[in-house]
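The sequence shown begins at 658 in this note's numbering and counts up one residue at a time.
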Amino acid sequence: MVPASPDLAGADLELSGRERREFLLSRAIRSRVGDFDEVLIDCPPSLSLLTINALVAADSVLVPLQCEFYALEGLSQLMRTIERIQRALNPRLELQGWC
């Protein structure tokens, strides 16, 4: 388990100018995940550059969801983002489901 830290608050600004910034997390963890059966990446409920990095690095997505209007609205936005990531950056990404 690798916990997040307050240093991530400025990560979007730091990453925004980097070349191939969407692949930074994927490149960082690919060589280290071979010893593990599963790797879980917990993301904030926003579609930031950190979330895009997680989707590019992932094989599948599990979405925790509350049954409320705004949560369902956010889900449709997330689904569009997942489709874009699949087309442009990570064709192996699958929606595992929501709970």
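In this text, a Cβ means the ideal position worked out from N, Cα and C, and glycines have one as well. A quick note: this is a predicted structure, and the numbers were derived from the prediction, not measured.
Leaving out five residues before and five after residue i in sequence, what residues of the same chain have Cβ atoms less than 8 Å from its Cβ?
i	result
E730	none
E679	L706, I709, N710, V713 and L746
R744	none
C756	L719, V720, P721 and L722
Hey, out of the options, whose CA is closest to residue i's CA?
i	options	result
A663	D694, A685 and P701	The question names Ala, but residue 663 is Pro in the sequence shown. Nearest of D694, A685 and P701 to P663, Cα basis: P701.
I698	R678, Q734, P721 and R737	P721
I686	L665, V696 and G754	V696
L681	G691, L750, A715 and L735	A715
V659	R689, I742, S717 and R677	R689
Taking the alpha helix (DSSP H) that residue i belongs to, which residues open and close that run?
i	result
V690	First-last for V690: undefined, no H or E at that position.
R744	F726 to A745
V713	L706 to A714
Quick one: grab the DSSP three-state call for residue i.
i	result
E751	strand
L697	coil
G674	coil
Please return the same chain residues whose Cβ sits closer than 6 Å to the Cβ of residue i, not counting the five positions on each side in sequence.
i	result
T612	As displayed, the chain neither begins before 658 nor continues past 756, which places residue 612 out of reach and without an answer.
Looking at the secondary structure, which residues open and close the beta strand (DSSP E) in which residue i lies?
i	result
L719	S717 to V720
Using a Cβ-Cβ cut-off of 7 Å (strictly less than) and excluding sequence neighbours within five positions of residue i, which residues of its own chain qualify?
i	result
R749	D716
S673	L706
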